[in-house]
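Report on the following structure.
Residue numbers (this note's numbering): 168 to 617.
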């Protein structure tokens, strides 16, 4: 009986293949199948695979014209005979107990998916600083022995753990087959759509806090290759495909699915601004804008306030001549919404002692917009920060006070002003027994988005 199939797409990675494939055949679990698919490599990867097959006759080697990562993984899925599936990129490798530990957990608990972490090691030093953000979730996910549905896991950990790599999971083949889960072909970023389907449909997921996967971050890989118009258009395609997943299981994961679709499109907008090309600018901006409208429901007149904020971010740097009527409508709706929300913040009342916790770009945006709309901010406002050590440091002309040395009870209300670190800042305030009812999160409670 084949317990696990390991699927390895190969493209121009000859120098890493020995380490990759030997890491699989050196597994403590021996009832395995290994399928390596050479996807039209232009180096000597196929020849290296043939040499590896001489050493490991049980290795299945397939040679094909270039079809892309998604289509290549799909071929592996069609051929797989194992009970479970692991995807391994050909420039990476796995620890020797990966398959045995994952198989034991999956078979003992009848799991759809086993989730684990990765250790990133980088050939380029400047890449390495940001690589481990979501790859090691052991300090975030505390209930390691729990079994979650995909929605339950996202409900608890989405904002801090979203990692769409297909390689950081161990899948039940029957689960993938029953739900017809395959990769989108011919596009970059196909992992996002695949991951969203898995999470929307999985009923039994368990997380193992071990960095089984060893991921190599290198400049020549797909992840770190230069951005292009093709990648921007693919992001539009993938974001639309992700949005469609809401229809599969709308009651469960729709808010996360929509957020991922929007994050993908926002990333496309940012990258497009970096590689702006006058010859393709108009067409690409049109695609980005229309994709955004589609993600938000397809009708600009029925878009909700949160989606208006999203569309406003897309419109900021678009050429002025594109969609002038729609953009004016979006801008007016955005200003009306901000006027209503910012009017709820009591930062021009000199009779109240108010603090703003957070002194970053998000706070700048809130205060600048407030001044634009209302013209005044009370000079009695106190700015708080978690890490400030220099008591002489100022923000907007006022000294910043460290939250750990400040008498918090003096403030009638504390506004948390951060999108990214809101939950951490809330925990910090509650640690000092500050009344939760007197804390207002500008992003989470009032839903003010930049």
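Where a beta carbon is used, it is the ideal one built from N, C-alpha and C, also for glycine.
These figures come from a predicted structure and were not determined experimentally.
- In this structure, residue 459 and residue 478 form a Cβ contact; the two beta carbons are roughly 5 Å apart against a cut-off of 8 Å.
- Look at residue 308 here: in three-state DSSP terms it is coil, with no helix or strand label.
- Rounded to the nearest whole angstrom, the CA to CA distance from residue 427 to residue 211 is 38 Å.
- The beta-carbon distance between residue 431 and residue 402, rounded to whole angstroms, is 5 Å. This is short enough to meet the 8 Å contact definition.
- About 17 Å separates the CB atoms of residue 353 and residue 435; that is not less than 8 Å, and the two are not in contact.
- If you look at residue 354, you'll find it isn't in any alpha helix (DSSP H); DSSP assigns it neither H nor E.
- Residues of the same chain with a CB within less than 6 Å of the CB of residue 286, apart from the 5 flanking positions on each side, are 378 and 381 in chain order.
- Taking the CA atoms as reference points, residue 334 sits about 10 Å from residue 173.
- Contact check for residue 233 and residue 213: beta-carbon distance about 12 Å, past the 8 Å limit, so the pair fails to qualify.
- Looking at the backbone, the Cα of residue 420 and that of residue 217 are separated by about 44 Å.
- For residue 329, the closest C-alpha among the options 347, 338 and 360 is that of 360.
- Residue 593 is positioned such that its CB atom lies closer than 8 Å to that of residue 608.
- Counting only the Cα atoms, residue 518 lies some 52 Å from residue 394.
- As the crow flies, the alpha-carbon of residue 585 is around 19 Å from that of residue 578.
- Contact between residue 562 and residue 602 is ruled out by a C-beta separation of about 25 Å, above the 8 Å threshold.
- Each of 589, 564, 522 and 617 was checked against the Cα of residue 570, and the nearest Cα belongs to 522.
- A check of alpha carbon separations from residue 313 across 583, 273, 438 and 483 identifies 273 as the nearest.
- When the five nearest sequence neighbours on each side are left out, the beta carbons in the same chain lying within less than 8 Å of the beta carbon of residue 581 are those of 521, 522, 523, 524, 551, 575, 596, 601, 605, 606 and 607, in order along the chain.
- Residue burial annotation: residue 169 is exposed, with fewer than 16 other C-beta atoms found within 10 angstroms of its C-beta.
- As the crow flies, the alpha-carbon of residue 491 is around 55 Å from that of residue 249.
- Pairing residue 257 with residue 611, the inter-Cα distance amounts to about 41 Å.
- Rounded to the nearest angstrom, the gap between the Cα atoms of residue 175 and residue 556 is 49 Å.
- Rounded to the nearest whole angstrom, the CA to CA distance from residue 260 to residue 251 is 18 Å.
- When the beta-carbon positions are compared, residue 467 and residue 493 come within less than 8 Å of each other.
- In this structure, residue 455 places its C-beta atom within 8 Å of the C-beta atom of residue 481.
- Fully contained in the stretch 190 to 255 are the following alpha helix (DSSP H) runs of length 4 or more, in chain order: 212 to 222 and 236 to 246.
- Pairing residue 416 with residue 342, the inter-Cα distance amounts to about 15 Å.
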